[in-house]
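Peer 1:
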Amino acid sequence: MRYGFLIAGLLLIAVPAQADDHPRSTYVTLVLQAFAAKVECPGTDVVYQDLVQKAQQMQLPDGTTEQVRKAIAYMHTGGKMGEKQTDDIMAEVAVATQATDLDQRRLGMGNWCEKQKTNLAGLIRAKGG
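Read in my numbering, the sequence shown has 68 at position 18, and its numbers run on one by one without any break.
1. Return the CA-CA distance between residue 168 and residue 114, expressed in angstroms with no decimal places.
2. What three-state label does DSSP hand residue 168 in the structure shown?
3. Mind checking residue 142: buried by the 16 CB within 10 Å criterion, or exposed?
4. Near residue 166, which residues of its chain fall below 7 Å by C-beta distance, leaving aside the five closest residues on each side in sequence?
5. Return the bridge partner residues of residue 115 from the DSSP annotation.
6. Within 8 Å, do at least three Cβ pairs link the stretch 150-158 to the stretch 120-140?
7. For the beta strand (DSSP E) holding residue 97, just list the boundary residues, first then last.
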């Protein structure tokens with residue numbers, strides 16, 4: 051287990067320097083944070099169609115949102131949901147997971163949730179809204 055965290059930590063260090071060159075990595079982080087907000091922040095829901103539109107705005111290939119969603123579900127349920135995706139997408143999800151986890155611990159969940167209302171405006175919303 052420690053080996054996995056070490057690899058993810060090394061990826062975390064390496065990926066931000068390349069973020070501008072890899073808009074999908076940025077997008078994966080947005081999607082992961084949107085779904086994390088849905089799970090962790092009371093009264094929050096994801097606007098799936100807006101995630102798709104964001105992918106289009108970022109000129110990502112069609113189907114990227116669904117690939118990322120499946121990869122997140124697969125990784126976060128130990129393979130019980132979703133589907134394993136390509137190694138590069140799975141690595142991006144691992145890095146986004148580590149970064150999000152560190153942010154949540156650093157800020158505290160309440161502050162993290164508040165921050166996401168601004169950071170993810172248009173991608174998340176209040177449930178029923």
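Cβ coordinates follow ideal geometry from the N, Cα and C atoms, glycine included.
Peer 2: Reading from the atomic positions:
1. On the sequence shown, position 118 is the one that residue 168 refers to. On the sequence shown, position 64 is the one that residue 114 refers to. When rounded, the distance between both Cα atoms is 23 Å.
2. Residue numbering aside, residue 168 sits at position 118 when the sequence shown is read from its first letter. Note: residue 168 maps to helix in three-state DSSP.
3. The residue labelled residue 142 in the question sits at position 92 within the sequence shown. Counting other Cβ atoms within 10 Å of its Cβ, residue 142 reaches 16 or more and is therefore classed as buried.
4. Start at 1 with the first residue of the sequence shown, and residue 166 comes out as number 116. The beta carbon of residue 166 is closer than 7 Å to those of 83, 87, 91, 174 in its chain, skipping five residues each way along the sequence.
5. On the sequence shown, position 65 is the one that residue 115 refers to. Answer is none; residue 115 lacks a bridge partner.
6. A contact between stretches requires three or more CB pairs, one per stretch, nearer than 8 Å, and the stretch 120-140 fails this requirement with the stretch 150-158.
7. Taking the first residue of the sequence shown as 1, we reach residue 97 at position 47. Residue 97 -> no beta strand (DSSP E), and no H or E assigned at all.
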